[in-house]
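**Q**
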Amino acid sequence: MAAISLKNVVKKYGKGKQEVQVIHGVNAEIDKGEFIVIVGPSGCGKSTLLRMIAGLEEVTGGEIWIGNRVVNELEPAERDIAMVFQNYALYPHMSVYDNMAYGLKIKKMPAAEIRQRVDKAAGILELAHLLERKPRQLSGGQRQRVAMGRAIVRQPQVFLFDEPLSNLDAKLRAQTRIEIQKLHRELGITSLFVTHDQVEAMTLAQRMIVMNAGAMEQFGTPEEVYHRPATTFVASFIGSPPMNLLKNAPGGRSGVITGIRPEHLAVGNEGWDVRVETVELLGAERLVYGKLGEEAVIVRTDEAQPAPKPDDWIRVRPLEGRLHEFDATTNKRI
Ligand code: ADP
Ligand code: MG
11 MAAISLKNVV KKYGKGKQEV QVIHGVNAEI DKGEFIVIVG PSGCGKSTLL
61 RMIAGLEEVT GGEIWIGNRV VNELEPAERD IAMVFQNYAL YPHMSVYDNM
111 AYGLKIKKMP AAEIRQRVDK AAGILELAHL LERKPRQLSG GQRQRVAMGR
161 AIVRQPQVFL FDEPLSNLDA KLRAQTRIEI QKLHRELGIT SLFVTHDQVE
211 AMTLAQRMIV MNAGAMEQFG TPEEVYHRPA TTFVASFIGS PPMNLLKNAP
261 GGRSGVITGI RPEHLAVGNE GWDVRVETVE LLGAERLVYG KLGEEAVIVR
311 TDEAQPAPKP DDWIRVRPLE GRLHEFDATT NKRI
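The opening position of the sequence shown corresponds to residue 11 in our numbering, with each subsequent residue numbered one higher.
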């Protein structure tokens, strides 16, 4: 049995002429203990989908299953889920301990069990020495860990995360990502994690749902999504810089878009003639922006290779087995 099943889930806002559909029939089966990332650009419907699973938004059509129950009509508190948001809003006047314990106290859980659960969560999150502090005496990363602690102590069937790292700086985000992975290994709780950041998605996901404009474009492992993107949207959204998508690649077929990632073009004596426009050095690698005929193309090269200059001509060869083909009408992988 799946831990979570989404069966043709639809969301519409508004009525009559004002009606807009923002989720277009999403289907997914999520296994027990999986860490799933929902990724897509801002406004594509990630939060709406997560909030329907949490019970914070009504479902317009389809069914949401958690375990062996259809939860469409259940209150959030009855769904056995815990959610962590971007704006985690701790209670400022309460200690770290009380912030984590609060939800359990409300449920009238015995004090000894609350103590045990909070201590365990604090141990995992390395907050044990901070339990008496107030939120204002913590760093941003520590506050985010308290917010996660609050979710952990509830020992839910499912964790839902909505962009919980967006308020942290880049370094702290990378650290917290590693902590979340560790947490998942230790607790093994089925998790749905929403982000607009494809790097976060690639590094955290066991499987990822790539969304665009309210529809699921692909559901697969990071490897599948990177190596076999299902659509041109996925091809250009996952991977940085994005895959080159060429309407008129040399040797390409008409009605077919040829895709090649910047890291899969090798500079040498053979291949496609590219006229260089700009070059960026990013430390270990160099990005060459140029034109192949009329079309823009990006090539990723090694910093150790000689750097081309603007207006130079270089030759680039697609590496064996790295070309992708998409139908130019449907934008789907061929
Ligand atoms: P994401 O989390 O991917 O950035 P959201 O799920 O927040 O996207 O929003 C998806 C779409 O639904 C957006 O176009 C947004 O404007 C619209 N939307 C969200 N909430 C409402 C609402 N209460 N009423 C009308 N439209 C909404
Ligand atoms: Mg959102």
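We put the CB at the ideal spot given by N, CA and C, even for glycine.
1. According to DSSP, ASN254 sits in a beta bridge with which residue or residues?
2. Using only the alpha-carbon positions, how far apart do LEU66 and GLU305 sit?
3. Among residues of its own chain, excluding the 5 on either side of VAL30, which ones have a beta-carbon nearer than 7 Å to its beta-carbon?
4. If you draw a straight line from the alpha carbon of ARG195 to that of ALA215, how long is it in whole angstroms?
5. Quick one: using the 10 Å Cβ neighbour count with 16 as the cut-off for buried, is ASN18 buried or exposed?
6. Compare the beta carbon distance of VAL55 and VAL20 with 8 Å and say whether it is the shorter of the two.
7. Using 8 Å as the cut-off, can you tell me whether the segment 139-151 makes contact with the segment 74-84, which would need three or more C-beta pairs spanning the two stretches below that distance?
8. Just how far apart, CA to CA, sit GLU227 and LEU292?
9. Report the rounded CA-to-CA distance for ALA211 versus ASN177, giving the unit in angstroms.
10. Rounded C-beta distance between GLU287 and LYS301? I'm assuming under 8 Å.
11. Excluding the 5 residues preceding and the 5 following LEU256 in the sequence, name in chain order all residues of the same chain whose CB lies nearer than 8 Å to its CB.
12. State yes or no: is the C-beta of VAL32 nearer than 7 Å to some heavy atom of the ligand ADP?
13. Taking just the CA atoms, how far does MET11 sit from GLY278?
14. What span of residues does the alpha helix (DSSP H) with ILE46 cover, start to end?
15. Using the three-state DSSP reduction, which class does THR407 fall into: helix, strand or coil?
16. If you draw a straight line from the C-alpha of PRO272 to the C-alpha of THR205, how long is it?
17. Classify PRO328 as helix, strand or coil using the three-state DSSP reduction.
18. Tell me the DSSP secondary structure of GLN31 in three-state form.
19. Measuring alpha carbon to alpha carbon, tell me which residue in GLY224, ALA92, HIS103 is nearest GLN165.
20. The beta strand (DSSP E) that contains SER15, what's its start and end?
**A** In brief:
1. The residue given as residue 254 occupies position 244 in the sequence shown. Answer is ILE270.
2. As a working mapping, residue 66 is identified with position 56 in the sequence shown. As a working mapping, residue 305 is identified with position 295 in the sequence shown. One alpha carbon belongs to LEU66, the other to GLU305, and they sit about 45 Å apart.
3. Position 20 of the sequence shown, counting from 1, holds the residue named residue 30. Same-chain partners within the cutoff: LYS22, TYR23, GLY24.
4. Along the sequence shown, read from residue 1 onward, the residue named residue 195 stands at position 185. Along the sequence shown, read from residue 1 onward, the residue named residue 215 stands at position 205. CA-CA distance, ARG195 to ALA215, rounds to 12 Å.
5. As a first step, residue 18 must be located in the sequence shown, where it is residue number 8. The residue is exposed, with fewer than 16 neighbouring Cβ atoms inside 10 Å.
6. The sequence position of residue 55 within the sequence shown is 45, counting from 1. The sequence position of residue 20 within the sequence shown is 10, counting from 1. It should be pointed out that residue 55 corresponds to Gly in this sequence rather than to Val. No, the pair does not count as a contact, with Cβ atoms beyond the cut-off.
7. Under the three-pair Cβ rule at 8 Å, the segment 139-151 does not count as touching the segment 74-84.
8. By one-based count along the sequence shown, residue 227 stands at place 217. By one-based count along the sequence shown, residue 292 stands at place 282. Going by the C-alpha atoms only, they are around 31 Å apart.
9. For this step, residue 211 is matched to residue 201 along the sequence shown. For this step, residue 177 is matched to residue 167 along the sequence shown. Rounded to the nearest angstrom, the gap between the Cα atoms of ALA211 and ASN177 is 16 Å.
10. Within the sequence shown, residue 287 is the residue found at index 277, counting from 1. Within the sequence shown, residue 301 is the residue found at index 291, counting from 1. Between GLU287 and LYS301 a beta carbon distance of about 6 Å is seen, short of the 8 Å cut, so the two are scored as contacting.
11. Locating residue 256 in the sequence shown gives position 246, where the first residue counts as 1. So the qualifying residues of the chain are GLY262, ILE267, THR268, GLY269, ILE270, LEU302, GLU305, VAL307.
12. Walking along the sequence shown from the start, residue 32 turns up at place 22. The answer is yes for VAL32.
13. Against the sequence shown, residue 278 aligns to sequence position 268. Against the sequence shown, residue 11 aligns to sequence position 1. If you draw a straight line from the Cα of GLY278 to the Cα of MET11, it comes to about 53 Å.
14. The sequence position of residue 46 within the sequence shown is 36, counting from 1. Where ILE46 is concerned, there is no enclosing alpha helix (DSSP H), although the beta strand (DSSP E) around it starts and stops at 45-49.
15. No information on residue 407 is available, as it lies outside the stretch 11 to 344 that the chain covers here.
16. For the purposes of this step, residue 272 is identified with residue 262 of the sequence shown, where counting begins at 1. For the purposes of this step, residue 205 is identified with residue 195 of the sequence shown, where counting begins at 1. The alpha-carbon atoms of PRO272 and THR205 are separated by roughly 24 Å.
17. Counting from one through the sequence shown, the residue named residue 328 turns up at place 318. In this structure, PRO328 counts as strand in the three-state DSSP scheme.
18. Here residue 31 refers to the residue found at position 21 of the sequence shown. In this structure, DSSP gives GLN31 an extended state, which the three-state scheme calls strand.
19. Numbered from 1 along the sequence shown, position 155 holds the residue referred to as residue 165. Closest by alpha carbon: ALA92.
20. Residue mapping note: residue 15 aligns to position 5 of the sequence shown, counting from 1. Counting along the chain, the beta strand (DSSP E) containing SER15 begins and ends at 14-23.
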